[in-house]
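Just so you know, the protein sequences line up as chains B and U, in that order.
Position 324, counted from 1, in the first sequence is what my numbering calls 324; the numbers after and before it change by one each time, with no gaps.
Position in the second sequence counted from 1, then plus 327, gives you my numbering.
I have placed the structure first, in the form of C-alpha cells, so that the comments after it can refer back to it.
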Amino acid sequence: MNRFVEIVNLEKTYYGHGFFKRSKNAVKAVDRVSFGIEKKSVYGLVGESGCGKTSLVRSVLYLDPPTDGEVWVDNTLLGGLKATELRSFRRRMQIVFQDPNSALNPKMNIQDSLEEGLFNRGLDNSRRKELVTRMLDLVGISPSHSTRYPHEFSGGQKQRIVIARALCMEPDFLVLDEPVSNLDVSIQAQIINLLQDLKSELGLTYLFISHDLNLVAYLSDQIAVMYKGRLVETGSTDEIMGHPMHPYTLKLFSSIPGMQTTPAADDFTAPEAAASGGDKKPLEGANVCSYCDPCPMAGQECRGQEPQLETIDGSHKVACLKLANHN
Amino acid sequence: MIPGDPALTIAGVDAAESDIQAIRAKLGTDKPMLNQYLEWIWDVFRFDFGTSLTSGRPVSDLIMERFPLTLTLAVLGILLSIVIAIPLGVISAVRRWSFWDYLGMLFSQAGMAIPSFWLGILLLMLLSIKYRVFPLFGSGSINHLILPSISLGIARAAVLLRLTRASMVEELSKEYVITARAKGLTERMVNYKHALRNALLPVITIAGIQLGYMLGGAIIIEQVFSLPGLGRLFLFAVYQRDFPLIQGGVVFVAFVFSFINFAVDILYSVLNPKIRIS
C-alpha cells in the first residue's frame with residue numbers, strides 16, 4: 001500500500017424502500033472498483049452520466065460510506081476510523097462539486113463559508129482570516145468581496161470560491177467531481193488552469209471526474225474508464241489516449257468532435273441498448289459483461305462470464321474477454 | 328344582487344309596504360347600486376364601516392370586540408402546529424424511512440384526513456365530558472382555547488410537517504450540505520446550521536398564509552366550541568343579511584391577510600440574504 005490513495009474492491013449498493021422486501025430495488029452503483037493514486041498526481045475518471053462516478057467519490061470520501069471494500073488514504077484505512085477520527089481526517093480530503101450554485105450555502109457569506117471548517121481545526125481568529133484571504137487571493141477572488149453572499153457572484157466566481165473553500169482546509173487530496181461541466185467553455189479553461197497551478201503550488205493529489213475525455217486527458221496522469229459501476233479500462237494517459245482498447249472507450253472517443261473514427265467503428269448495432277446505457281446494473285444476472293448489449297464485438301462468452309481487468313501492457317488494463325483472448 | 332332584503336328582515340314579514348319603504352330609505356338601500364357603493368367606499372376611507380343593522384352598534388366595535396379571541400386562537404393554533412410539525416418534519420427528513428418518519432407520515436395523513444370539527448367534538452367528549460379537564464363551552468380563559476387550538480392546529484401541522492420534511496430533504500441533498508460534512512462538521516451542525524435554516528424559508532411562508540386564514544375566524548371550530556370569535560360574527564351577519572357587518576368583515580379579513588403577508592415578506596428579507604435590501 002505505498003500509493004497515496006488506494007481503493008480496493010469498493011462497492012456501493014443502494015437499497016430501495018420496498019415495504020416488505022428491502023433488497024427488492026437494490027442497485028449496484030459502484031461494483032468492485034479498485035485503483036490507486038500516486039501522491040501529487042492526477043487520476044482521471046471518465047464515464048457517461050449515471051455510470052456511478054458520483055457514487056464512487058462519495059464512497060471514497062466516506063460521505064456516503066461504501067457497502068463493501070476498503071479505502072486507504074495515506075496508509076489510513078478510512079473504514080477503520082472512529083466517527084470522531086474520521087471527522088478530523090476529513091480535513092485532508094476535500095471535494096469540489098459540479099454545481100457551484102448549490103455548493104454554497106445561500107445564507108452564509110463567503111467569509112463564513114470559508115471560515116467554518118477552520119473552527120474545527122482550532123485556528124485563532126487572525127489566523128483564520130489570514131488563511132481565508134490567502135485562499136481567495138489564490139483563486140483570484142478579491143478578499144474585499146468576502147462579506148458578500150453567493151448569489152452576488154457569477155457561476156465561475158462561485159466555482160473559484162468553492163475551490164478556495166476546499167483549499168482552506170489545506171487538504172492533500174482533492175476530489176473534483178465534474179468541476180467545470182456547468183461552466184462556460186472560457187471559464188472552464190480558467191478553472192482548469194487554476195487547478196493545474198494550485199496542484200503544483202500546493203502539492204495536491206487530484207481525483208478528477210468528468211464525462212469529457214479531452215479534459216481528463218489534458219489534466220490527468222492516469223485515466224480510468226467507468227461503465228455501469230465497473231472500471232472497464234485503466235492506464236496512463238498516454239496508453240489510453242494513444243491506444244484505447246475497450247469497445248466502450250472507443251465509443252467514448254468516437255463521441256469527441258474532431259476525433260472521429262471510421263464510419264464502421266461508429267456504427268454500433270443495437271442502438272436502443274446503447275441509449276439505455278446509463279441504467280445501473282441490477283443485482284441479479286451479474287455474471288455477464290456489463291457492456292455486452294451495446295458492444296459491437298460481443299460474443300457468446302460475453303454473456304456467460306464477467307471480464308476482469310487484465311494487464312495488456314505496462315499499467316494498461318482492460319476488462320474485456322475478447323481482448324484478453326487475443327493476447 | 329343578493330337575495331334577501333335587510334329592510335324586510337328588520338320590518339318583519341307582515342309589515343306594511345310603506346314601512347318597508349321607509350326603512351329602505353333610512354338604510355339607503357333604495358338608492359342605485361353605484362351610489363351605495365361609492366358612499367360605502369368614502370366611509371371606508373374614513374375608517375367608518377357603518378353600523379350593524381341587527382345590533383345597531385358600530386361595525387368596527389363589533390369586530391374589535393371579537394378579534395382578541397380569534398387572534399389568540401389563531402396564534403395558539405399556529406404555534407401548536409409549528410411545535411408539532413417542525414421537529415417531527417426535521418427528524419423525518421434526517422432519518423428518512425425510520426420509525427419517526429413513518430410516524431410523521433401517519434400523523435400527516437391522518438391530520439389531513441380528519442375533519443377539524445370531528446376532532447373537536449371528539450376532544451370535547453373525551454376531555455370535557457368524560458374527564459372534565461377542559462370546560463365544555465364558553466370563553467374567557469386560556470383553558471377555553473386549548474381544545475379549539477388543538478383541533479385547528481392538527482390539520483395545519485399535518486401540512487407543515489410534509490412541507491418541512493420535503494424542504495429539508497431537498498436541502499440535505501444539496502452539495503453545500505455534503506461539503507459541510509466534508510469539512511468535518513458534526514452531523515448536528517450540518518443538519519441545523521446549514522440545512523434547517525435554508526429549509527425553513529418555504530415553511531415560514533406557508534405558516535404565515537395559514538395564520539392569515541385563521542385570523543379571518545374559524546367558523547366551524549368556533550361553532551363547535553361555542554366561541555364568540557370573528558367566524559361566528561360573520562356567519563350570523565350573513566344569516567341576518569347584516570350588509571354593513573359583512574362588508575366590514577370582508578375588508579377587515581382582507582386587511583389582516585395582507586398585513587400578515589407583508590409581515591412574512593419583511594421576515595423573509597431578514598432571513599434570506601438573496602432578497603435583503605442593501
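Where a beta carbon is used, it is the ideal one built from N, C-alpha and C, also for glycine.
Just so it is clear, the structure is predicted and the values come from calculations on it, not from any experiment.
Length of the line joining the Cα atoms of residue i and residue j
i	j	result
valine 288/B	glutamine 300/B	10 Å
leucine 176/B	glutamate 152/B	24 Å
serine 419/U	aspartate 428/U	4 Å
phenylalanine 584/U	methionine 516/U	36 Å
lysine 520/U	leucine 118/B	16 Å
threonine 76/B	glycine 69/B	14 Å
isoleucine 477/U	alanine 440/U	15 Å
valine 424/U	alanine 509/U	Checking the displayed sequence, the identity of residue 424/U turns out to be tryptophan instead of valine. Distance between the alpha carbons of tryptophan 424/U and alanine 509/U: 24 Å.
glycine 467/U	leucine 479/U	18 Å
tyrosine 62/B	leucine 45/B	18 Å
asparagine 470/U	proline 395/U	15 Å
glycine 431/U	leucine 490/U	12 Å
glycine 79/B	glutamine 188/B	35 Å
8 Å Cβ cutoff, residue i in contact with chain U
i	result
arginine 90/B	yes
asparagine 182/B	no
serine 276/B	Bear in mind that the predicted position of serine 276/B carries a pLDDT of just 45, short of 50, making it unreliable; the figure below should be weighed with that in mind. It does not: the Cβ of serine 276/B has no partner Cβ on chain U nearer than 8 Å.
glutamate 284/B	In this prediction, glutamate 284/B scores a pLDDT of 49, lower than 50, which makes its location untrustworthy; the coordinate-derived value is nonetheless stated afterwards. Chain U, which has no Cβ nearer than 8 Å to the Cβ of glutamate 284/B, makes this no.
leucine 61/B	yes
proline 106/B	yes
serine 49/B	no
phenylalanine 253/B	no
alanine 103/B	yes
lysine 281/B	Any reading at lysine 281/B must be qualified, since the residue scores a pLDDT of 47, below 50, and its modelled position is unreliable; no value is offered.
arginine 3/B	no
aspartate 238/B	no
alanine 273/B	In this prediction, alanine 273/B scores a pLDDT of 42, lower than 50, which makes its location untrustworthy; no coordinate-derived value is stated.
arginine 87/B	yes
Buried or exposed (CB count within 10 angstroms, at least 16 for buried), residue i
i	result
isoleucine 350/U	buried
glutamine 94/B	buried
glycine 339/U	exposed
phenylalanine 35/B	buried
lysine 82/B	exposed
arginine 165/B	buried
phenylalanine 582/U	exposed
glycine 278/B	Any reading at glycine 278/B must be qualified, since the residue scores a pLDDT of 45, below 50, and its modelled position is unreliable; no value is offered.
serine 606/U	Because chain U in this structure spans residues 328 to 605, residue 606/U falls outside the shown range and cannot be described.
glutamate 178/B	buried
asparagine 525/U	buried
alanine 564/U	buried
glycine 16/B	exposed
lysine 12/B	buried
glycine 558/U	buried
histidine 243/B	exposed
Interface residues of chain U facing residue i [CB-CB closer than 9 Å]
i	result
asparagine 214/B	Neighbours of asparagine 214/B on chain U: none; closest Cβ ~25 Å, over 9 Å.
histidine 151/B	Pro600 and Lys601
isoleucine 95/B	Glu502, Ile505, Thr506 and Ala509
asparagine 9/B	Within 9 Å Cβ-Cβ: nothing; asparagine 9/B doesn't reach chain U, min ~23 Å.
Residue closest to residue i, alpha-carbon to alpha-carbon, out of the options
i	options	result
proline 171/B	Ser88/B, Thr234/B, Pro247/B and Tyr149/B	Ser88/B
leucine 407/U	Asp370/U, Arg483/U, Pro333/U and Phe589/U	Arg483/U
isoleucine 546/U	Arg384/U, Leu454/U, Arg524/U and Pro475/U	Pro475/U
serine 387/U	Phe586/U, Val580/U and Leu594/U	Val580/U
aspartate 197/B	Glu306/B, Asp64/B, Leu63/B and Leu138/B	Leu138/B
arginine 121/B	Arg91/B, Gly242/B and Gly140/B	Arg91/B
methionine 391/U	Pro359/U, Ile405/U and Leu542/U	Leu542/U
valine 5/B	Lys40/B, Arg32/B, Gln305/B and Tyr14/B	Lys40/B
glycine 52/B	Gly80/B, Tyr14/B and Leu86/B	Tyr14/B
Within-8 Å CB hit, residue i to chain B
i	result
proline 600/U	yes
leucine 407/U	no
arginine 422/U	no
methionine 432/U	no
arginine 524/U	yes
threonine 532/U	no
tyrosine 503/U	yes
Interface residues of chain U facing residue i [CB-CB closer than 7 Å]
i	result
methionine 169/B	Lys510
phenylalanine 173/B	Residues of chain U passing the Cβ test: none, with the nearest at roughly 11 Å.
aspartate 99/B	Glu502
Per-residue contacts from residue i into chain U (C-beta, under 8 Å)
i	result
glycine 16/B	Under the 8 Å cutoff, chain U gives no residues; its nearest Cβ is about 10 Å from glycine 16/B.
asparagine 120/B	Lys510, Gly511 and Leu512
glutamate 116/B	Ala507, Lys510 and Leu512
Below-8 Å beta-carbon distance, residue i vs any chain C residue
i	result
glutamine 157/B	Here the protein chains are B and U, and chain C is not one of them.
Per-residue contacts from residue i into chain B (C-beta, under 7 Å)
i	result
histidine 521/U	Asn105
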